[in-house]
Amino acid sequence: MRQPIGKDAELFMRVFPTVQKLHKFFNPSHWGYCLTYQPKCLEQPCIRLRDVDACYETRGVANTILMSQYHGIYNLSSAKEKFTTDAARIAADLFLGLYGNRCTLYEMMLYFGKYSSVYKSSYYQFDVQDILKQFGAKYLPWLTSQCVQPEENYMEETGTVKGEEARNIWIEDIIKNGNDIRQGGLYRFGLLSEDEVVRVERQLNLCDKDE
234 MRQPIGKDAE
244 LFMRVFPTVQ
254 KLHKFFNPSH
264 WGYCLTYQPK
274 CLEQPCIRLR
284 DVDACYETRG
294 VANTILMSQY
304 HGIYNLSSAK
314 EKFTTDAARI
324 AADLFLGLYG
334 NRCTLYEMML
344 YFGKYSSVYK
354 SSYYQFDVQD
364 ILKQFGAKYL
374 PWLTSQCVQP
384 EENYMEETGT
394 VKGEEARNIW
404 IEDIIKNGND
414 IRQGGLYRFG
424 LLSEDEVVRV
434 ERQLNLCDKD
444 E
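The end of the sequence shown is residue 444 by this note's numbering, with every number in the run present.
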């Protein structure tokens, strides 16, 4: 029996109900599509890499998907050294261990799709360590900037309302409009706590005050 999963996972699995559909879409052949529709990808309900195996009740799915990402970068390079299946599996395990809790499948596609042209800093044609390093050093800060952008826009539009007050108003508006703020980047990256969300929901009478 499948373990209980969140709303974002349920919505995601309606689009990708099987492991086969996951593999069919989340591979290097769709990097271009994800980059073309980058804003849309970042807004879509998705699951983190660490949750893939549990959601689909199949061990090793996340690792296999990550392996394909590494092979995609390798195939684009002119590296002469052979990139073996065992090496790809270890590289995928390292990525999963370091970033599985912070990276969704769509975010993974955007990173690996852009790595060679945007984030690569190594002189080597194919450098597994650089791929790991640049995700945390360059890509995560960029992701975070995308998450806080709506708040900054709200402050600019209001003009007179800034700082913490603007942030609180922005959070209230998101929740009032029926959007699940827990699926957004602010929440996932720890910029918005569960206590803050519950406090606003209680103020708006959207949850049980005795919880």
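From the three backbone atoms N, C-alpha and C, an ideal C-beta is built for every residue, glycine too.
Neighbour-count burial assignment, Ala325, 16 or more Cβ in a 10 Å radius: Taking all protein chains in view, the Cβ of Ala325 is crowded by 16 or more other Cβ atoms within 10 Å, so the residue is classified as buried.
Sub-7 Å separation of Cys279 and Phe245 beta-carbons: Cys279 is a Cβ neighbour of Phe245, given a cutoff of 7 Å.
Residues sharing a beta bridge with Thr337, DSSP: Beta-bridge partners of Thr337 (DSSP): Arg281.
Asp284 burial status per 10 Å Cβ neighbour count (16 or more: buried): Looking at its Cβ environment, which holds 16 or more other Cβ atoms inside 10 Å, Asp284 is buried.
Buried or exposed (CB count within 10 angstroms, at least 16 for buried), Gly333: The C-beta of Gly333 has 16 or more other C-beta atoms within 10 Å across all chains shown, which makes the residue buried.
When Arg435, Asp428, Leu425 are compared against Lys409, the one with the closest alpha-carbon: Comparing alpha carbon positions, the residue from Arg435, Asp428, Leu425 closest to Lys409 is Arg435.
Buried/exposed call for Gly369, threshold 16 Cβ in 10 Å: Taking all protein chains shown into account, Gly369 has fewer than 16 neighbouring C-beta atoms within 10 Å of its C-beta and is therefore exposed.
Chain-order list of residues whose beta-carbon lies under 7 Å from that of Lys347 (same chain, five-residue window excluded): Only residues of its own chain outside the window of five on either side were considered, and among them Leu268 have a CB closer than 7 Å to the CB of Lys347, listed in chain order.
Whole-angstrom distance between Lys313 and Pro250, CA atom to CA atom: Using only the alpha carbons, I get a separation of about 38 Å.
Segment limits, alpha helix (DSSP H) that includes Arg365: Residue identity check: residue 365 is Leu in the sequence provided, not Arg. 361-367 is the extent of the alpha helix (DSSP H) around Leu365.
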